[in-house]
Amino acid sequence: MEKLTYFQKQFAVLALTKTIAFFILLNIFIPLKEWRYVTLFAISYGVLMFIQGLIHGYKDRKGQVIHDKGFRYHLLTFVIVNGVYLAFIAWPTTVFKLWPDCIGMLAWGIGLLIHYRVTRNNIQGYQPEELFE
Numbered sequence: 003m004e005k006l007t008y009f010q011k012q013f014a015v016l017a018l019t020k021t022i023a024f025f026i027l028l029n030i031f032i033p034l035k036e037w038r039y040v041t042l043f044a045i046s047y048g049v050l051m052f053i054q055g056l057i058h059g060y061k062d063r064k065g066q067v068i069h070d071k072g073f074r075y076h077l078l079t080f081v082i083v084n085g086v087y088l089a090f091i092a093w094p095t096t097v098f099k100l101w102p103d104c105i106g107m108l109a110w111g112i113g114l115l116i117h118y119r120v121t122r123n124n125i126q127g128y129q130p131e132e133l134f135e
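Numbering (my numbering), first residue to last: 3 to 135.
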């Protein structure tokens, strides 16, 4: 796989910033049992991440030559969100627990693997080894 493009790096930095802010807000509001705010933050975070992915994906001109552009953004999001989550689990005052959310990580990882396989098998006119190494 090639190096990250400018827009993928920009996406990663913004996604990392938003994800850290989101987990800080969750860590504050879950113990207070302010569920309306937790719901508002979760919906806002999901919508903002989706819009950011769309905008950066469309702007990524170099990525239009590479047919695994969607997979790259998916992989970046998976690594950032789960990396920040695992870092928050290690924090002493966290409200997050590893075990219940391992199921979500596993399901997302399986979805990512399926996305990789489908992307790899649906490339027309290119050798998969040229694009994915």
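For each residue, glycine too, the CB sits at the ideal point set by N, CA and C.
Helix, strand or coil for residue i per DSSP?
i: Pro99; result: For the record, residue 99 in the displayed sequence is Lys; it is not Pro. DSSP places Lys99 in coil when its eight states are reduced to three.
i: Met3; result: Because Met3 carries a pLDDT of 47, less than 50, the predicted location of this residue cannot be relied on, and the following value inherits that uncertainty. In the structure shown, Met3 sits in coil (DSSP, three-state: anything other than H, G, I, E or B).
i: Lys61; result: helix
i: Leu34; result: coil
i: Trp93; result: coil
My understanding is that residue i touches residue j, with C-beta atoms under 8 angstroms, so please give their C-beta distance in whole angstroms.
i: His76; j: Phe9; result: Their Cβ separation, rounded to whole angstroms, is 15 angstroms, which puts His76 and Phe9 out of contact at 8 angstroms.
i: Lys71; j: Leu50; result: Lys71 to Leu50, Cβ: 20 angstroms. No contact.
i: Thr7; j: Asp62; result: 6 angstroms
i: Leu27; j: Phe43; result: 5 angstroms
i: Met107; j: Asn84; result: 6 angstroms
Please list, in chain order, all residues of the same chain as residue i whose beta carbon is under 8 angstroms from its beta carbon, the five residues on each side excluded.
i: Phe90; result: Phe25, Asn29, Thr96, Phe98
i: Gly111; result: Phe80
i: Val86; result: Leu18, Thr21, Ile22, Phe25
i: Ser46; result: none
Which residues in the same chain have their Cβ closer than 6 angstroms to the Cβ of residue i, if we skip the five residues on either side of it in sequence?
i: Ala14; result: Leu78
i: Gly55; result: Tyr75
Is it the case that the CB of residue i approaches a heavy atom of the ligand MG more closely than 8 angstroms?
i: Val15; result: This structure lacks the ligand MG, and indeed carries no ligand of any kind.
Where does residue i land, buried or exposed, given buried means 16+ other C-beta within 10 angstroms?
i: Ile82; result: buried
i: Phe52; result: exposed
Please list, in chain order, all residues of the same chain as residue i whose beta carbon is under 7 angstroms from its beta carbon, the five residues on each side excluded.
i: Val40; result: Leu28, Phe31, Ile32
i: Gln12; result: His58
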